[in-house]
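K.L.:
I'd like to ask you about the structure that follows.
2 protein chains.
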Amino acid sequence: MGPSSVPSPNKLLAALPPDIYERLQQDLDLVELELGASVYEAGGKQPFVYFPTDSIVSLLYVMKDGASAEIAVVGNEGLVGISLFMGGETTPSRAVVQSAGHAFRLSSKVMKREFEYGGPLLHLLLRYTQALITQMAQTAVCNRHHSVEQQLCRWLLLSADRLPTNELTMTQELIANMLGVRREGVTEAAGKLQDAGLIHYSRGRIIIVNRSKLEKRVCECYAVVKKEFDRLLPNEMAI
Amino acid sequence: MGPSSVPSPNKLLAALPPDIYERLQQDLDLVELELGASVYEAGGKQPFVYFPTDSIVSLLYVMKDGASAEIAVVGNEGLVGISLFMGGETTPSRAVVQSAGHAFRLSSKVMKREFEYGGPLLHLLLRYTQALITQMAQTAVCNRHHSVEQQLCRWLLLSADRLPTNELTMTQELIANMLGVRREGVTEAAGKLQDAGLIHYSRGRIIIVNRSKLEKRVCECYAVVKKEFDRLLPNEMAI
DNA sequence: AGAGCTATGTATTCTAGCGCACATACACCG
DNA sequence: CGGTGTATGTGCGCTAGAATACATAGCTCT
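Same order as they appear, the protein sequences are chains B and Y.
For the first sequence, our numbering begins at 1 and goes up steadily by one.
For the second sequence, our numbering begins at 240 and goes up steadily by one.
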């Protein structure tokens, strides 16, 4: 567990041993991430990595024709910029702020230095990366086999898990972009979910009214990802 | 480059510094991988990791209803069992032999020991893992946006890249399973490709006749993955 | 209150791919 | 040489989702 004197709402940071966290702290800057902002571009060098606190960042690939598809989401359970310590420095995907908020920013130089020390930080980041890999794999499966409605449920739950509230600020248009489907498809699916009393929404504001019913309607992909994150990154982590 | 005295057709092994390779060599066993064999099961502990030489292993997720989807393929450019050093020990996906052949098998214990030494081996494996991540991400994109024919092209090229020949031993039924589509869909797409003179096939034997034409017909996903593997794991690697 | 923008609702047509059913055809084996 | 099994070919109806077009309905700003 991280130090209680300076509580960090980012779970990865919070899971670091106190001595490491304290060493890092002087290099961590709390920055604001605005909705739609690009945290990094496909193929671009990344001067920083980001540990979201109350924001959500979406990793997505944008095709040449402009169509897009979400690869994974990152919230306060993780960090944006794994390619830095994985050794590639860049990736072919973009990172876009899906839900405005804040993140702790750390210079790539410090991140690499700390990673190279090995030990708890390295192992924690690699376990997180494996969880992220599972999320990507399951996204591939979900894209192949499940309906827009099921995918919307998965997306809502994954997003809600990464926010302190059960309210998302997100238009159907943006959700459609993330999922790589038409806006009308999201409208239709969202309408059904609202009619069934699972969610309530209006003009870019989605409230999850009945979470357990939502969990019943979602495809198995959500549970697979959730379970893997819980397994690899338990809340009370003993490193 | 690996030692030339004992040439290893697995590129990862070949890219290791000679001293590390020699230390590993006594623990490496060349084993046969039969078509359809399960290298590891979803959620199961893995006593070994595998470095394919002339075989291809497919990572796939099997849903509760039996439907499946391929997440990524591993050939002589990589290894099967990244979750071992990533720290999770297991993953929710299966690994199935897609093309019979051989692989060097290494005990998980030795693998972990070597990884914990850090240095070149760790960095090499992490770079490979990042390339694999790109493949997974692009699979998700491809599943979302591209036609069965395009996906078949991608699959053929990715497989051919991992084999010494331009001939694949693979029924349309199995390909359909990998791609998570109907067998008839593969038949139709393969028929078109054959009519166009790109491939030739008969009863579980596919020959790539005109590779460059195939590359013109494939979606951008193939190039993204290929480029990323080349970037992260150049053939003449200087570690 | 009204204008205007943006978000959401809805209808219509079109197509890829699914599910199912069955026809062919090659390969091997007795 | 014919039989049997597996691999491939094909047709048909059906549905989800795409593309397009346009209708409504909340906010916000004056």
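No residue lacks a Cβ here, since even glycine has one placed at the ideal position from N, Cα and C.
Expressed to the nearest angstrom, what Euclidean distance is found between the alpha-carbon atoms of L125(B) and L12(B)?
P.N.:
Along the first sequence, read from residue 1 onward, the residue named residue 125(B) stands at position 125. Along the first sequence, read from residue 1 onward, the residue named residue 12(B) stands at position 12. Cα-Cα distance, rounded: 8 Å.
K.L.:
Using CA coordinates, which residue listed in R352(Y), L453(Y) and L407(Y) is at the minimum distance from I445(Y)?
P.N.:
Translated into the one-based positions of the second sequence, residue 445(Y) becomes position 206. Nearest option by C-alpha distance: L407(Y).
K.L.:
Within 8 Å (strictly less), CB to CB, does R183(B) reach chain Y?
P.N.:
In the first sequence, the residue the question calls residue 183(B) occupies position 183. Output row for R183(B): interface = no.
K.L.:
Please list, in chain order, all residues of the same chain as S330(Y) whose beta carbon is under 6 Å from its beta carbon, the five residues on each side excluded.
P.N.:
The count along the second sequence starts at 1 and reaches residue 330(Y) at position 91. Note that residue 330(Y) is Thr in the sequence shown here, rather than Ser. Hits under 6 Å: S322.
K.L.:
Distance cutoff 8 Å, beta carbons only. Does S83(B) sit that close to anything in chain Y?
P.N.:
Within the first sequence, residue 83(B) is the residue found at index 83, counting from 1. Cβ-Cβ to chain Y under 8 Å: yes for S83(B).
K.L.:
For chain Y, is any of its Cβ atoms less than 8 Å away from the one on A137(B)?
P.N.:
Translated into positions along the first sequence, residue 137(B) becomes position 137. At least one chain Y Cβ lies under 8 Å of A137(B).
K.L.:
Note down, in chain order, every chain B residue with its Cβ under 7 Å from the Cβ of N502(Y).
P.N.:
The structure shown does not extend to residue 502(Y), since chain Y is modelled only from 240 through 478, so no value can be given for it.
K.L.:
How close, in whole Å, do the beta carbons of L402(Y) and S338(Y) come, if the pair is a contact with beta carbons under 8 Å?
P.N.:
One-based indexing of the second sequence puts residue 402(Y) at position 163. One-based indexing of the second sequence puts residue 338(Y) at position 99. With 8 Å as the limit, L402(Y) and S338(Y) qualify as a contact, their Cβ atoms being about 6 Å apart.
K.L.:
Starting from the C-beta of I259(Y), find all residues in its chain whose C-beta is less than 6 Å away, skip the five residues before and the five after it, and write them out in chain order.
P.N.:
Against the second sequence, residue 259(Y) aligns to sequence position 20. L360, listed in sequence order.
K.L.:
Rounding to the nearest angstrom, what Cα-Cα distance links T139(B) and A281(Y) in this structure?
P.N.:
As a working mapping, residue 139(B) is identified with position 139 in the first sequence. As a working mapping, residue 281(Y) is identified with position 42 in the second sequence. The straight-line gap from Cα to Cα measures roughly 17 Å.
K.L.:
For the 8 Å Cβ check, are there 3 or more pairs between the segment 73–81 of chain B and the segment 93–111 of chain B?
P.N.:
Touching, yes.
K.L.:
Using a C-beta to C-beta distance shorter than 8 Å, which residues of chain B count as neighbours of A306(Y)?
P.N.:
For the purposes of this step, residue 306(Y) is taken as residue 67 along the second sequence, with counting starting at 1. What A306(Y) touches in chain B: H145.
K.L.:
Applying the criterion that 16 or more other CB atoms from any shown protein chain within 10 Å of the CB defines a buried residue, is P52(B) buried or exposed?
P.N.:
Sequence index remark: in the first sequence, residue 52(B) carries index 52 (1-based). It is buried - the Cβ of P52(B) has at least 16 other Cβ atoms within 10 Å.
K.L.:
Please determine, among S307(Y), V301(Y), T368(Y) and L345(Y), the residue with the shortest C-alpha to C-alpha distance to F85(B).
P.N.:
In the first sequence, the residue the question calls residue 85(B) occupies position 85. For the residues S307(Y), V301(Y), T368(Y) and L345(Y), the minimum Cα distance to F85(B) belongs to T368(Y).
K.L.:
Using a C-beta to C-beta distance shorter than 7 Å, which residues of chain B count as neighbours of G419(Y)?
P.N.:
If you number the second sequence from 1, residue 419(Y) lands on position 180. Going along chain B in sequence order, the residues near G419(Y) (Cβ under 7 Å) are R144 and H145.
K.L.:
Check whether chain B comes within 8 Å of M409(Y), counting only Cβ atoms and requiring the distance to be less than that.
P.N.:
Along the second sequence, one-based indexing puts residue 409(Y) at 170. It does not: the Cβ of M409(Y) has no partner Cβ on chain B nearer than 8 Å.
K.L.:
Report the option in L28(B), F48(B), R23(B) and H123(B) whose CA atom is closest to the CA atom of L232(B).
P.N.:
Within the first sequence, numbered from 1, the residue matching residue 232(B) stands at position 232. The option with the nearest alpha carbon to L232(B) is H123(B).
K.L.:
Note down the Cα distance separating E353(Y) from N474(Y), rounded to an integer number of angstroms.
P.N.:
Against the second sequence, residue 353(Y) aligns to sequence position 114. Against the second sequence, residue 474(Y) aligns to sequence position 235. C-alpha separation (whole angstroms): 22 Å.
K.L.:
Give the DSSP-derived three-state secondary structure of Y117(B) in the structure shown.
P.N.:
Looking up residue 117(B) in the first sequence gives position 117. Three-state DSSP puts Y117(B) in coil, outside helix and strand.
K.L.:
Let me know if V463(Y) comes out buried or exposed under the rule of 16 or more other beta-carbons within 10 Å of its beta-carbon.
P.N.:
Counted from its first residue, the second sequence places residue 463(Y) at position 224. With 16 or more other Cβ atoms within 10 Å, it is buried.
K.L.:
Please list the segments of the alpha helix (DSSP H) lying wholly inside the segment 153–221 of chain B, counting only runs of 4 or more residues, in order along the chain.
P.N.:
Runs of the alpha helix (DSSP H) inside the segment 153–221 of chain B: 172–179, 183–195 and 211–217.
K.L.:
State whether the segment 16–32 of chain B contacts the segment 101–109 of chain B, with contact taken as three or more CB pairs (one from each stretch) at a distance under 8 Å.
P.N.:
Output reads yes: the segment 101–109 of chain B touches the segment 16–32 of chain B.
K.L.:
Ignore the nearest five residues each way along the sequence and tell me which others in S294(Y)'s own chain have a CB closer than 7 Å to its CB.
P.N.:
Translated into the one-based positions of the second sequence, residue 294(Y) becomes position 55. Closer than 7 Å at Cβ, skipping near neighbours: L272, V336, S338, A339, G340, H341 and A342.
K.L.:
So, for G436(Y): in the same chain, excluding its five sequence neighbours on each side, which residues have a beta-carbon less than 8 Å away from its beta-carbon?
P.N.:
Within the second sequence, residue 436(Y) is the residue found at index 197, counting from 1. The residues are V448, N449 and K452.
K.L.:
Can you grab the Cα-Cα spacing for the pair M57(B) / V74(B), in whole Å?
P.N.:
Against the first sequence, residue 57(B) aligns to sequence position 57. Against the first sequence, residue 74(B) aligns to sequence position 74. It should be pointed out that residue 57(B) corresponds to Val in this sequence rather than to Met. Roughly 5 Å separates the two Cα atoms.
K.L.:
Return the first residue and the last residue of the beta strand (DSSP E) that A308(Y) is part of.
P.N.:
The count along the second sequence starts at 1 and reaches residue 308(Y) at position 69. Looking at the DSSP string, the run of the beta strand (DSSP E) that includes A308(Y) is S307 to V313.
K.L.:
Assign E388(Y) to one of three DSSP states: helix, strand, or coil.
P.N.:
Your numbering for residue 388(Y) matches position 149 in the second sequence. Three-state result, E388(Y): helix.
K.L.:
Under a Cβ-count criterion, where at least 16 other Cβ atoms within 10 Å of its own Cβ denotes burial, should F468(Y) be classed as buried or exposed?
P.N.:
Indexing the second sequence from 1 puts residue 468(Y) at position 229. F468(Y) comes out buried.
K.L.:
Between N416(Y) and S307(Y), is the Cβ-Cβ spacing less than 8 Å?
P.N.:
Working through the second sequence from its first residue, we reach residue 416(Y) at position 177. Working through the second sequence from its first residue, we reach residue 307(Y) at position 68. Yes, the pair counts as a contact, with Cβ atoms nearer than the cut-off.
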